Amino acid sequence: MIVLDEVSKVYQGADGEVRALDGVGLSVADGEFVAVRGPSGSGKSTLLLVMGGMVRPTSGTVTIDDRRLYSLSPAERARLRAERIGFVFQLFHLVPYLSAVDNVLVPVLAGMRRDRDEAASVLRRLEMGERLHHRPRELSTGECQRVALARALIKRPDIILADEPTGNLDPENAAAVMGYLADFHRDGGTVLVVSHDALAERYADRTVHLDRGRIVPERPQA
Ligand SMILES: Nc1ncnc2c1ncn2[C@@H]1O[C@H](COP(=O)(O)OP(=O)(O)OP(=O)(O)O)[C@@H](O)[C@H]1O
Ligand SMILES: [Mg+2]
Numbered sequence: 006m007i008v009l010d011e012v013s014k015v016y017q018g019a020d021g022e023v024r025a026l027d028g029v030g031l032s033v034a035d036g037e038f039v040a041v042r043g044p045s046g047s048g049k050s051t052l053l054l055v056m057g058g059m060v061r062p063t064s065g066t067v068t069i070d071d072r073r074l075y076s077l078s079p080a081e082r083a084r085l086r087a088e089r090i091g092f093v094f095q096l097f098h099l100v101p102y103l104s105a106v107d108n109v110l111v112p113v114l115a116g117m118r119r120d121r122d123e124a125a126s127v128l129r130r131l132e133m134g135e136r137l138h139h140r141p142r143e144l145s146t147g148e149c150q151r152v153a154l155a156r157a158l159i160k161r162p163d164i165i166l167a168d169e170p171t172g173n174l175d176p177e178n179a180a181a182v183m184g185y186l187a188d189f190h191r192d193g194g195t196v197l198v199v200s201h202d203a204l205a206e207r208y209a210d211r212t213v214h215l216d217r218g219r220i221v222p223e224r225p226q227a
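Residue numbers for the sequence shown follow the numbering used here, so the first one is 6 and each next one is one higher.
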C-alpha cells in the first residue's frame with residue numbers, strides 16, 4: 006500500500022517558485038492499476054518521482070507499507086527502491102553507449118541478481134528479440150520505450166511507476182506496451198501509469214486526474 010498524505014512539492018525554478026504538487030492525498034492498494042491524467046505541467050511526473058523515492062516532497066509524507074519513504078536514510082531508500090519499484094521514465098534514460106540487452110542489465114549490475122539470459126528473455130517477451138544488441142540511437146522510439154519497460158520488469162518489482170510509457174507510440178505498439186503492464190498487474194503487481202491517451206484508462210481500475218498540482222474529484226459519468 007502506498008499512501009501520500011498532504012504532499013506538496015515546490016520547485017525553485019529560474020522564474021521563481023513552482024508549486025508542482027499542492028496538498029495531494031492518494032492511497033494506492035497492493036495490486037491496483039491506477040491511471041494518472043492531467044494537462045502538461047499539472048505535476049504528473051513529479052507525483053511519480055515523489056512516489057518512487059526520487060524527489061523529496063517539500064511537505065507531507067509518502068508511506069510504502071507503513072515505512073515513511075523520506076524518513077529512511079538515503080541508503081535504505083535506495084534499497085527499497087531497487088528491490089520494489091520499477092520506474093519507466095518519460096524520456097527513457099537509456100545509457101547511450103550500451104546495447105539494449107546491457108541497458109536492461111543496468112539495475113542488475115547495480116546489485117541485482119539477474120543475468121544476461123534473463124535480460125534477453127524479457128526483451129524477447131517485448132518482441133525485441135531481433136534488437137538485443139542495438140544501441141539506443143540504433144533503435145526506434147517505440148523500441149527504446151520497450152527497453153525502458155524491460156529494465157523495470159527485470160527487477161521483478163512489486164510496483165511499476167510508468168511515465169508516459171506509450172507516448173510517441175503508434176496505436177498497435179501502445180496497446181502492446183499497455184498489455185505488458187496489464188500482464189504485470191494480473192500477476193499481482195501494482196501499477197501507476199501516467200498517460201495522455203485514453204488507452205491506459207481502459208486497463209486501469211481507476212483514474213486520478215491532476216490539475217495544477219491538485220487531485221480533481223472524479224466527474225460523474227454522463
Ligand atoms: N526541476 C524543476 N525545477 C523547477 N520547476 C520544475 C522542475 N520540474 C518540474 N517543474 C515544473 O513543475 C510543474 C510540474 O511538472 P511535471 O513535470 O510534474 O509536469 P507533468 O504533468 O509531468 O507535465 P508533462 O505532461 O508535460 O510531462 C511544471 O510547471 C514544471 O515546469
Ligand atoms: Mg511529465
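Even glycine gets a Cβ: it sits at the ideal position worked out from N, Cα and C.
In this text the structure is predicted, and so the values were computed from the model without any measurement.
Check: DSSP three-state assignment for glycine 58, whether helix, strand or coil; Outcome: coil
Check: Inter-stretch contact (C-beta, 8 Å, three-pair minimum) for the region 49-58 and the region 68-88; Outcome: yes
Check: Segment limits, beta strand (DSSP E) that includes glutamine 17; Outcome: 7-18
Check: Contact belief for leucine 9 with glycine 30 at Cβ below 8 Å, rounded distance in angstroms; Outcome: 6 Å
Check: Segments of 4+ residues assigned as alpha helix (DSSP H) that fall wholly inside the region 24-68; Outcome: 49-56
Check: Close-in-space but distant-in-sequence residues of the same chain around aspartate 175 (CB under 8 Å, 5 per side omitted); Outcome: Gly147
Check: Cβ-Cβ distance between glycine 65 and histidine 214 below 8 Å; Outcome: no
Check: Residue ranges of each alpha helix (DSSP H) within the region 93-145, 4 or longer; Outcome: 105-109, 111-114, 121-130
Check: Cα-Cα separation, arginine 242 to alanine 180; Outcome: Residue coverage of the chain in this structure runs from 6 to 227, which leaves residue 242 outside it and unanswerable.
Check: Three-state secondary structure assigned by DSSP to alanine 151; Outcome: For clarity, residue 151 is arginine in the given sequence; the question names alanine instead. Three-state result, arginine 151: helix.
Check: Proximity test, serine 64 beta-carbon vs ligand 1 heavy atom, cut-off 7 Å; Outcome: no
Check: Check: threonine 146 C-beta below 7 Å from any heavy atom of ligand 3; Outcome: No copy of ligand 3 occurs in the structure displayed; its ligands are ligand 1 and ligand 2 alone.
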